[in-house]
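Here is the structure we will look at, set down as structure tokens.
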Amino acid sequence: MEASPIVTSKQREEVVHGVPTEVVCTAFSNSILVVVTQYGKMGTIVYVDPNTIGDNVGRPSLTTKVLLGKDEPLIHVCAKNLVAFVSQEAGNKPVVLAMALKDKTMEGIQALREVIRSCQVW
2 MEASPIVTSK QREEVVHGVP TEVVCTAFSN SILVVVTQYG KMGTIVYVDP NTIGDNVGRP
62 SLTTKVLLGK DEPLIHVCAK NLVAFVSQEA GNKPVVLAMA LKDKTMEGIQ ALREVIRSCQ
122 VW
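Under my numbering, think of the first position of the sequence shown as 2, with each following residue one higher.
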């Protein structure tokens with residue numbers, strides 16, 4: 002009988018809008034780790050936390066905090082757009098996102114979201 006792994010992880014490489022991209026998603030008991038890179042390194046690390054208070058529709062609002070790297074408004078926007086669905090689908094678990102992106106356009110973010118979805122471990 003084979004033992005089950007302590008953490009579940011999926012990885013995918015794909016060309017997104019002409020840019021080679023790697024995505025790794027790993028599920029831990031208390032959070033999800035998502036690595037999205039177009040540079041071959043982790044880049045900026047952002048903690049995306051669903052607030053328990055939430056809005057009137059029952060969806061929590063997300064707060065973002067840059068743990069390592071450049072803290073600028075576009076990083077927070079990209080982080081929320083990339084992994085909001087991950088947190089929601091994982092039962093409102095926090096997400097640690099490591100991202101190093103060349104393409105930060107809305108179309109690029111939408112395409113990256115689909116690659117992340119293909120690595121679903123939550």
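Built from N, CA and C at the ideal position, the CB exists for glycine as well.
Everything numeric in this text was worked out from a predicted model, so none of it was measured.
> Which residue or residues does DSSP assign as beta-bridge partners of residue 10?
Replying inline: Here residue 10 refers to the residue found at position 9 of the sequence shown. According to DSSP, residue 10 bridges with 27.
>> Among 28, 81, 85, whose alpha-carbon lies nearest the alpha-carbon of residue 10?
In response: One-based indexing of the sequence shown puts residue 10 at position 9. Cα-wise, what sits closest to residue 10 is 28.
> Just how far apart, CA to CA, sit residue 17 and residue 30?
Replying inline: Residue numbering aside, residue 17 sits at position 16 when the sequence shown is read from its first letter. Residue numbering aside, residue 30 sits at position 29 when the sequence shown is read from its first letter. Those two C-alpha atoms are separated by around 30 Å.
> Contact between the stretch 36-51 and the stretch 85-97: three or more CB pairs below 8 Å?
Replying inline: When C-beta atoms of the stretch 36-51 are compared with those of the stretch 85-97, three or more pairs fall below 8 Å, so the two segments count as touching.
> DSSP state of residue 61, grouped into three classes?
Replying inline: Stepping through the sequence shown from its first residue, residue 61 is reached at position 60. Collapsing the DSSP output to three states places residue 61 in coil.
> Thinking C-alpha only, which one of 32, 109, 123 is nearest residue 19?
Replying inline: Numbered from its first residue, the sequence shown carries residue 19 at position 18. Residue 19 has its Cα closest to that of 109, out of 32, 109, 123.
> What is the residue span of the alpha helix (DSSP H) that residue 74 lies within?
Replying inline: Numbered from 1 along the sequence shown, position 73 holds the residue referred to as residue 74. 74-90 is the span of the alpha helix (DSSP H), which, as asked, contains residue 74.
> Who does residue 50 pair with in a DSSP beta bridge?
Replying inline: Stepping through the sequence shown from its first residue, residue 50 is reached at position 49. In the DSSP output, where bridge partners are listed per residue, residue 50 has 64.
> Helix or strand or just coil, what does DSSP make of residue 107?
Replying inline: Looking up residue 107 in the sequence shown gives position 106. Helix.
> Do you know how far the Cα of residue 72 is from the Cα of residue 93?
Replying inline: Position 92 of the sequence shown, counted from the start, is the residue given in the question as residue 93. Position 71 of the sequence shown, counted from the start, is the residue given in the question as residue 72. Going by C-alpha positions, residue 93 is about 24 Å away from residue 72.
> For residue 15, which beta-bridge partners are listed by DSSP?
Replying inline: Within the sequence shown, the letter at position 14 stands for residue 15. Note: residue 15 sits in a beta bridge opposite 22.
> Taking the C-alpha atoms as reference points, what is the distance between residue 123 and residue 101?
Replying inline: Here residue 123 refers to the residue found at position 122 when the sequence shown is read from its first residue. Here residue 101 refers to the residue found at position 100 when the sequence shown is read from its first residue. Between the C-alpha atoms of residue 123 and residue 101 there is a straight-line separation of about 22 Å.
> Going by C-alpha distance, which of 88, 43, 86 is nearest residue 68?
Replying inline: Looking up residue 68 in the sequence shown gives position 67. For residue 68, the nearest C-alpha among the options comes from 43.
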